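Residue numbers (mature numbering (1 follows the signal peptide of the UniProt record, and there is no 0)): -24 to -1, 1 to 514.
Below is one structure, written out as structure tokens; comments come after it.
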């Protein structure tokens, strides 16, 4: 073959390859899930739980960055249902958020097909029911996002990968628990703690190899401490952020939070305790599982390793050691480029104080004296169709005023591309946990007592990690910074589900006056319509 012919052949191959890349679509993954009730024995007595495809916990959803997810959820419960994807950033797509502010619940004996795409958020997440108290009896599962082959991660591929869903558990049904809250009383202490829906399970591995443990707190209200007898844990990822890889003997994981640790089986061949115990509670519960070396002939033995004796001070110091690994890949906007969170001017500050007032003689939970009530029409639909009377943008103040507590549908008005500071002020003597749908945020500061503007002097403006859930310690504050680059209606709520249910939540309306599909997708053609939006055309 002559040089000219060879040149043309190479050019043709290159053009074909380039066009193929342009036309190539990201992977589509299709799922059909059915939610039903079933009877199981998590604590040794028969109990009604929520199953997904007959499983409790639900199926593990393993995805890769840029996967397009088409998931048809069929509701066979006796109540309307929604699932929310905890920590998955629904880019330009709050329509798929799966909470009552954005979606009508799926009616009984009906279905809804979720459509969303995972982005650059390699890590460990969960899904769970966002309606009523359903998550108290199941319907939750692990959701893991893995890197595409072309994306490097800052650790060698582990020999195995385990998801551990840990949470407090009640013997009472979700309807009984709901009746307790509706009557104006707080929930009692849970009955126990479970790991993957069981009191004990076994995780097996080969001596000398390294395994990933994905730890998620899927409970209703209790922080946990996690530890493995005789083994160090190397934290590598927290809610989509690769972090500096420090070693820990035990880790506090608060409600709604997830993290990934690497554990090397470098001890003598025997079985070891895996332990989770409740934290910041007057009554303590412990769940154990077993780390089994495949060449072990010795069953687990000895005392269960205790939780750290320190409480708030110990936990806050540990939280400050979680730092972003600035040399690893990261979701954009990222600290390696021109966009660095520590150099951006804050456009607006919100100080959100939680409280537990009595309103009309019943216990409620509130933010800046407003206890949230879900309207019959989802906020997102009301905003899209310009339906009046569902919410207003003067429903809550940006700072606590000490006014009389009241019921309301609290929506904060914000603008697309604002860079905001949110301070969670906790004047109660209880642990708090906050989650923001559709976003991750930089957790830049923890402190005791009252936050003041001088508290900013102690912010970490260099390598704070981004995450979607943060704890707020008793009688303390936590500060976060958020880049509002995701237009839509987004839920900012207590991750402690009794507090969320009784009103400790708000919405952020991230608004752009110029409609553009580049900023936000249009309403899905299969959107469920209810309330004042019923009968309208999508």
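Don't be surprised by glycine CBs; every beta carbon is placed ideally from N, CA and C.
Computed from a prediction, not measured in an experiment: that's the story for all the values here.
Quick one: give me the first and last residue of the alpha helix (DSSP H) that residue i is part of.
| i | result |
| --- | --- |
| residue 151 | 150 to 158 |
| residue 292 | 288 to 296 |
| residue 359 | 355 to 360 |
Could you compute how far the alpha carbon of residue i sits from the alpha carbon of residue j?
| i | j | result |
| --- | --- | --- |
| residue 264 | residue 503 | 43 Å |
| residue 47 | residue 159 | 36 Å |
| residue 59 | residue 115 | 8 Å |
| residue 384 | residue 282 | 44 Å |
| residue 128 | residue 105 | 33 Å |
| residue 275 | residue 259 | 29 Å |
| residue 492 | residue 411 | 27 Å |
| residue 399 | residue 419 | 10 Å |
| residue 124 | residue 378 | 50 Å |
| residue 67 | residue 496 | 8 Å |
| residue 456 | residue 480 | 18 Å |
| residue 403 | residue 24 | 37 Å |
| residue 14 | residue 142 | 20 Å |
| residue 468 | residue 458 | 12 Å |
| residue 18 | residue 192 | 18 Å |
| residue 401 | residue 454 | 7 Å |
| residue 229 | residue 111 | 18 Å |
| residue 298 | residue 80 | 37 Å |
| residue 500 | residue 463 | 16 Å |
| residue 209 | residue 56 | 41 Å |
| residue 343 | residue 333 | 10 Å |
Within its chain, find whatever has a CB closer than 6 Å to the CB of residue i; leave out the 5 residues flanking it on each side and keep chain order.
| i | result |
| --- | --- |
| residue 304 | 130, 218 |
| residue 527 | With the chain running from -24 to 514 in the structure shown, residue 527 is simply not present. |
| residue 311 | Because the pLDDT at residue 311 is just 44, under 50, the model does not fix this residue reliably, and the value given afterwards should be weighed accordingly. If we look at residue 311 and ignore the five residues flanking it on each side, its Cβ neighbours are 302. |
| residue 494 | none |
| residue 9 | 28, 29, 49 |
| residue 22 | 15 |
| residue 386 | 346, 348, 371, 372, 482 |
Output needed for residue i: all residues of its chain with C-beta closer than 7 Å, excluding positions within five of it in sequence on either side, in chain order.
| i | result |
| --- | --- |
| residue 361 | 509, 512 |
| residue 313 | With a pLDDT of 47 at residue 313, under the threshold of 50, the modelled position of that residue is not reliable, and the figure given next carries that caveat. None. |
| residue 424 | 451, 452 |
| residue 204 | 239, 248, 250, 267 |
| residue -2 | A caution first: residue -2 carries a pLDDT of 39, below 50, which makes its placement in the model unreliable, though a value can still be read off. Contacts found: none. |
Do residue i and residue j have their C-beta atoms within less than 9 Å of each other?
| i | j | result |
| --- | --- | --- |
| residue 369 | residue 351 | no |
| residue 73 | residue 414 | yes |
| residue 278 | residue 249 | yes |
| residue 149 | residue 113 | yes |
| residue 241 | residue 181 | yes |
| residue 108 | residue 63 | no |
| residue 243 | residue 207 | yes |
| residue 76 | residue 478 | no |
| residue 183 | residue 269 | yes |
| residue 245 | residue 186 | no |
| residue 393 | residue 460 | yes |
| residue 376 | residue 340 | no |
Spatial neighbours of residue i within its chain, please: CB distance less than 8 Å, with the 5 preceding and 5 following residues excluded, ordered by chain position.
| i | result |
| --- | --- |
| residue 39 | 5, 45, 94, 119, 120, 121, 122 |
| residue 89 | 46, 47, 48, 49, 502 |
| residue 87 | 48, 49, 50, 51 |
| residue 363 | 353, 357, 508, 509 |
Within the continuous beta strand (DSSP E) that includes residue i, where are the two ends?
| i | result |
| --- | --- |
| residue 203 | 199 to 204 |
| residue 300 | Here residue 300 belongs to no beta strand (DSSP E), and DSSP marks it neither H nor E. |
| residue 191 | 186 to 193 |
| residue 232 | Premise fails: residue 232 is in no beta strand (DSSP E) and is neither H nor E. |
| residue 172 | From DSSP, residue 172 is part of no beta strand (DSSP E); its letter is neither H nor E. |
| residue 91 | 86 to 93 |
| residue 145 | 136 to 145 |
| residue 104 | 99 to 105 |
Would you list, in sequence order, the uninterrupted beta strand (DSSP E) runs of no fewer than 3 residues that lie entirely inside the region 11 to 59?
23 to 28, 37 to 40, 44 to 51
Beta strand (DSSP E) runs contained entirely in the region 410 to 483, provided each spans 3 or more residues
417 to 424, 445 to 448, 452 to 459, 464 to 470
Within the region 314 to 394, ranges of the alpha helix (DSSP H) (whole runs, at least 4 residues):
355 to 360
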